[in-house]
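Per our numbering, the very first residue in the sequence shown carries number 455; after that it's consecutive. Here the structure is laid out as structure tokens; the discussion comes afterwards.
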Amino acid sequence: MPIFPLPELQGVKRGIMEIADMILINKADGDLKATATRTCADYAGALRLLRSRPNDPEGFPMAMTVSAIEEIGLSDAWDKINKLISWRRAQGYFDQTRQRQVSFWFKEDIRQMLLSQLDGAEARERMDALERAIQAGEISASLAADSFVNDLKLKRFD
């Protein structure tokens, strides 16, 4: 994150702030130390304005100042990151997230497989024929859709 103070919190991308676990303000040394400290306070205030998340322990999300050159705050930040990981693991949040992801990808794989069946020449020809029949008033849209889905179920298209 930039170390320069934000004129208003509206300048902060809210989406990034909502997913951040920790914001590290680097270059908290030399002439920029005071600026980095003020910027950190701005970010910390913005994080407090956001609703608390159930997957965060007390004190998270947080903002901290660090100095890579002077090696100040980096060990503390790393310790806090590891504490957060341990807490989330103990609470089962990683397992819950993995379960949601596996479920999402299962459903997404099904969607993609079904959609790939619609890409074949035979399927397109059948859809075109049914669409012409609908437009000619020979069949209703719902019956045509039902007929097409039944053909998919019977694997009439390859």
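Glycine included, each C-beta is placed from N, C-alpha and C at the ideal position.
Exercise for the section: Look at the Cβ atom of N509, then the Cβ atom of R468, and state whether they are nearer than 8 Å. Expected result: The answer is no: Cβ separation not under 8 Å.
Problem - Own chain partners of A575 with C-beta closer than 7 Å, once the 5 adjacent residues on each side are dropped - result: Closer than 7 Å at Cβ, skipping near neighbours: no residue.
Practice task
My understanding is that S521 touches D573, with C-beta atoms under 8 Å, so please give their C-beta distance in whole angstroms.
Solution key: The C-beta distance from S521 to D573 rounds to 55 Å, too long to meet the 8 Å contact threshold.
Exercise for the section: Would you check if there are 3 or more beta carbon pairs closer than 8 Å linking the stretch 498-514 to the stretch 530-549? Expected result: For the pair of segments examined, the stretch 498-514 was found to touch the stretch 530-549: the number of CB pairs separated by less than 8 Å reaches three.
Problem - Residue span of the beta strand (DSSP E) that contains A599, given as start and end - result: No beta strand (DSSP E) contains A599, which is instead part of the alpha helix (DSSP H) from A595 to K607.
Practice task
Just tell me which of L606, V556 and A500 has its CA closest to the CA of L568.
Solution key: Of L606, V556 and A500, the residue nearest in Cα terms is L606.
Problem - Anticipated Cβ contact below 8 Å, I479 with T519, distance rounded - result: So it is a contact: roughly 5 Å between Cβ atoms.
Practice task
Run through the stretch 481-515 for me and flag every whole alpha helix (DSSP H) of 4 or more residues, listed as ranges in chain order.
Solution key: Fully enclosed alpha helix (DSSP H) runs of 4 or longer: 487-503.
Problem - Option in R586, I588, A590 and R580 with minimal Cα separation from F602 - result: Considering only alpha carbons, the answer is R580.
Problem - Opening and closing residue of the alpha helix (DSSP H) in which I479 lies - result: Taken as a continuous stretch (DSSP letters only), I479 belongs to no alpha helix (DSSP H), being part of the beta strand (DSSP E) at M476 to I479.
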